[in-house]
Amino acid sequence: MSIPSATPVAVVTGASSGIGEATARVLADQGFHVVAAARRLDRLETLVSEIGGTALELDVTDEDSVTALAAVLPRVDVLVNNAGGAKGLAPVLEADEDDWRWMWETNVLGTLRVTKALLPKLIDSGNGLVVTITSIAAFETYDNGSGYTSAKHAQAVLHRTLRGELLGKPVRFTEIAPGAVETEFSLVRFDGDEARAAAVYEGITPLVALDIAEIIGFVASRPSHVNLDQIVVKPRDQASAGRFDRR
Ligand code: 8X3
1 MSIPSATPVA
11 VVTGASSGIG
21 EATARVLADQ
31 GFHVVAAARR
41 LDRLETLVSE
51 IGGTALELDV
61 TDEDSVTALA
71 AVLPRVDVLV
81 NNAGGAKGLA
91 PVLEADEDDW
101 RWMWETNVLG
111 TLRVTKALLP
121 KLIDSGNGLV
131 VTITSIAAFE
141 TYDNGSGYTS
151 AKHAQAVLHR
161 TLRGELLGKP
171 VRFTEIAPGA
181 VETEFSLVRF
191 DGDEARAAAV
201 YEGITPLVAL
211 DIAEIIGFVA
221 SRPSHVNLDQ
231 IVVKPRDQAS
241 AGRFDRR
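Letter by letter, the sequence shown follows residues 1 to 247 of our numbering.
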């Protein structure tokens, strides 16, 4: 594995599927050397065999794994904090602590760990960009969703705080908050229950991963003085987390 130091490097977490995979493809097309990072190395290897770049096994919940990632990167120009997800839908009174722990570990502490580890290199690049994929769940709450909405709110607050703390440094911060995007998201949330996952997108035209990836490509190709702070993106058929026009 060799990561060039003369080409801009984009690190994408959760790159083995969905928004992460599509983003890796778009950024590779734009000329970045993409470091595709995730737990499922076999999928990443297939991806980089198609788009170039480097596949790296990464578990954002594991400090050593994140340290090892940072150690092999000669430079970092773009970081896309995409790893995360939801587990379950349960009222607060029936909250499953293990589900909560998983959601907070991946979405919140995962974003914290990776961002902390890579920020020095992003700043050294002279024009760094951190894109964090939050969710409309970072802006809204909904019944039975508190484990996820609280984690997404916290992840977003972490990201938005960095925008101020790093003011004056050559690094930009963009939060992208998607609504319904048809990926493995609901399959993971419902523990592999395909019928339940499919029902989330039934009767609507949901966003697809490429819709979000193209926005990230747009963000990454703006001139260095332009910081797109927050982008909320939903399907036309969705007005809020729980409000859809289903046909
Ligand atoms: C996914 C959007 O509405 O399921 O992040 O919370 S929602």
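Quick reminder that beta carbons are idealized off the backbone N, C-alpha and C, glycines included.
Item	Value
Kindly identify the DSSP beta-bridge partner or partners of Q230.	E175
Which partner residues of R189 appear in the DSSP bridge assignment?	R189 is not bridged to any residue.
Decide if R247 is buried, meaning its Cβ has at least 16 other Cβ atoms within 10 Å, or exposed.	exposed
In three-state terms, what does DSSP make of H33?	strand
Considering only DSSP beta bridges, list what E57 is partnered with.	A38
Between the region 68-80 and the region 125-142, do at least 3 Cβ pairs fall closer than 8 Å?	yes
Which residues share a DSSP beta bridge with H79?	Residue 79 is actually Leu in this sequence, not His. DSSP output for L79 lists V11 and V130 as bridge partner(s).
Any idea what DSSP makes of R243, helix, strand or coil?	strand
Can you look up L166 in the DSSP assignment and give me helix, strand or coil?	coil
Using the Cα positions of L118 and A90, report the straight-line distance between them to the nearest angstrom.	35 Å
Could you tell me whether the region 209-218 touches the region 20-32, using the rule of 3 or more Cβ pairs below 8 Å?	yes
For the alpha helix (DSSP H) containing A71, list its first residue and its last residue.	E63 to V72
Relative to ligand 1, is the shortest distance from any of its heavy atoms to the C-beta of S150 smaller than 6 Å?	no
State the Cα-Cα distance for the pair V171 and T141, rounded to the nearest angstrom.	30 Å
Just to confirm, are G52 and A28 a CB contact at a threshold of 7 Å?	yes
Under the criterion of a Cβ to heavy atom distance below 6 Å, does S135 qualify as lining ligand 3?	The model depicted lacks ligand 3 and carries ligand 1 instead.
Tell me, please, which residues DSSP counts as bridged to V181.	L207
Work out the CA separation of V181 and A198 for me, nearest whole Å.	12 Å
For ligand 1, I want to know if A213 counts as a neighbour, meaning its beta carbon is within less than 6 Å of at least one of the ligand's heavy atoms.	no
Say yes only if the C-beta of A241 is nearer than 6 Å to one or more non-hydrogen atoms of ligand 1, and no if none qualify.	yes
Are the CB atoms of V114 and V66 nearer to each other than 7 Å?	yes
Taking the Cβ atom as the reference point for each residue, do S135 and K121 lie within a distance shorter than 7 Å?	no
How would you write the range of the alpha helix (DSSP H) that L93 sits in, first residue to last?	L93 -> no alpha helix (DSSP H), and no H or E assigned at all.
Are the beta-carbon atoms of A177 and A138 separated by less than 7 Å?	yes
Would you tell me roughly how many angstroms separate the C-alpha atoms of T183 and P223, rounded to the nearest one?	30 Å
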